[in-house]
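Counting from 122, one number per residue, gives the positions in the sequence shown under my numbering.
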Amino acid sequence: MTRRPYIVGNWKMHGTRAMLSEARAIDRAAQRHPKVEVAIAPPYTLIHPIHREAEQIAVGAQDCHEAEGGAHTGDISAAMVADAGATFVILGHSERRQGHGESDALVRAKAGAAFAAGLRVIMCCGETAATRESGEAVAFVRGQLAASLPPVGELPAEIAERLCVAYEPIWAIGTGTAATTGDIAEMHRAIRALLVELLGEEHGPEVRILYGGSVKPENAAAIFAVPEVGGALVGGASLTADSFMGIALAATEPFVS
Ligand code: PEP
Numbered sequence: 122m123t124r125r126p127y128i129v130g131n132w133k134m135h136g137t138r139a140m141l142s143e144a145r146a147i148d149r150a151a152q153r154h155p156k157v158e159v160a161i162a163p164p165y166t167l168i169h170p171i172h173r174e175a176e177q178i179a180v181g182a183q184d185c186h187e188a189e190g191g192a193h194t195g196d197i198s199a200a201m202v203a204d205a206g207a208t209f210v211i212l213g214h215s216e217r218r219q220g221h222g223e224s225d226a227l228v229r230a231k232a233g234a235a236f237a238a239g240l241r242v243i244m245c246c247g248e249t250a251a252t253r254e255s256g257e258a259v260a261f262v263r264g265q266l267a268a269s270l271p272p273v274g275e276l277p278a279e280i281a282e283r284l285c286v287a288y289e290p291i292w293a294i295g296t297g298t299a300a301t302t303g304d305i306a307e308m309h310r311a312i313r314a315l316l317v318e319l320l321g322e323e324h325g326p327e328v329r330i331l332y333g334g335s336v337k338p339e340n341a342a343a344i345f346a347v348p349e350v351g352g353a354l355v356g357g358a359s360l361t362a363d364s365f366m367g368i369a370l371a372a373t374e375p376f377v378s
């Protein structure tokens, strides 16, 4: 099965209601390019306003708590973001793993909560510059991903629809320097092999693997031409409709996914 390329904007902690006009522009442009699946993960406060107006794009959250509810001041559950209109959640982003001390076990618990709430999950993984320099990047990412996904018996049956993996080398995030296409190819091949090992021949080949880390309109086409790249998770360049849709347009060209 060839899946539509999936282009997801991670707005991080950017965006007040003034950004709604940008979301509208992205939604209008996405309506003209239905061959690409376009989505935005804004801050929690904008999930519902964007969901209410969007006709084409999906809206997601950037995190959720692992518990269903309770005394967790300042946190938000998977069911709450789903109630606000989110259909997916980004989990295990390096800014959460590093900035909030999230372990693989915690990310795994969050993924279980998100699946239970009916959300799709974009599971992030990626190595530091030091790990890459040590030659251990592939082994590290395999281990991190395997430990961050719930055990196979606890995954939803339609896992290929509900799970997406985002490979995001930490040294490429927000630096302006994307990984080389060779490094992306090697890592995506390794992630695909792991997904087949974990999920089997039926589902493993169908889960989309996104690349993230300084994707821009200028480098997007080359990245999308890499085998096993099924789209992109985009930070800085997703904040304006012009640059974000420039990336989405690069994905409208046929590419192997
Ligand atoms: C991200 O944080 O998910 C990301 C890919 O950021 P950027 O595109 O800005 O490197």
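Glycine included, C-beta positions come from ideal geometry on N, C-alpha and C. Model, not experiment: these values are computed from the prediction.
Beta carbon of residue i nearer than 7 Å to that of residue j
i, j, result
"A369", "V180", "no"
"A234", "E187", "yes"
"A299", "S335", "yes"
"V223", "A362", "Reading the sequence as shown, one finds Glu at residue 223 and not Val. No, these two residues do not count as a Cβ contact at 7 Å."
"C453", "K231", "As shown, the chain starts at 122 and ends at 378. That puts residue 453 outside it, with no answer to give."
"F124", "R329", "It is worth fixing the name first, because residue 124 is Arg in this sequence and not Phe. Yes. Within cutoff."
"V347", "T301", "no"
"I390", "F345", "Coverage of the chain is limited to positions 122 through 378, which leaves residue 390 absent and any answer about it impossible."
Residue of the options minimising C-alpha distance to residue i
i, options, result
"A226", "D196, Q265, L316, V242", "Q265"
"L167", "R283, H214, V328, A205", "A205"
"D379", "A258, E279, E322", "Since the first residue of the chain shown is 122 and the last is 378, residue 379 is not available in this structure."
"P173", "H193, G274, R153, R145", "Per the sequence shown, residue 173 should be read as Arg rather than Pro. Residue R145 is the option with its Cα nearest to R173."
"E327", "G130, I280, A343", "I280"
"Q183", "I171, G191, A162", "A162"
"I291", "P164, A346, H324, G356", "G356"
"L360", "P126, N131, R125", "N131"
"I294", "L315, V350, Q219, A342", "Q219"
"I211", "F345, E189, A314, L331", "L331"
"H154", "A139, P277, Q177", "Q177"
Three-state secondary structure (DSSP) of residue i
i, result
"S142", "helix"
"H221", "coil"
"S364", "helix"
"V347", "coil"
"E282", "helix"
"R173", "helix"
"M244", "strand"
Whole-number beta carbon distance between residue j and residue i, since they are thought to touch under 8 Å
i, j, result
"V262", "Y288", "7 Å"
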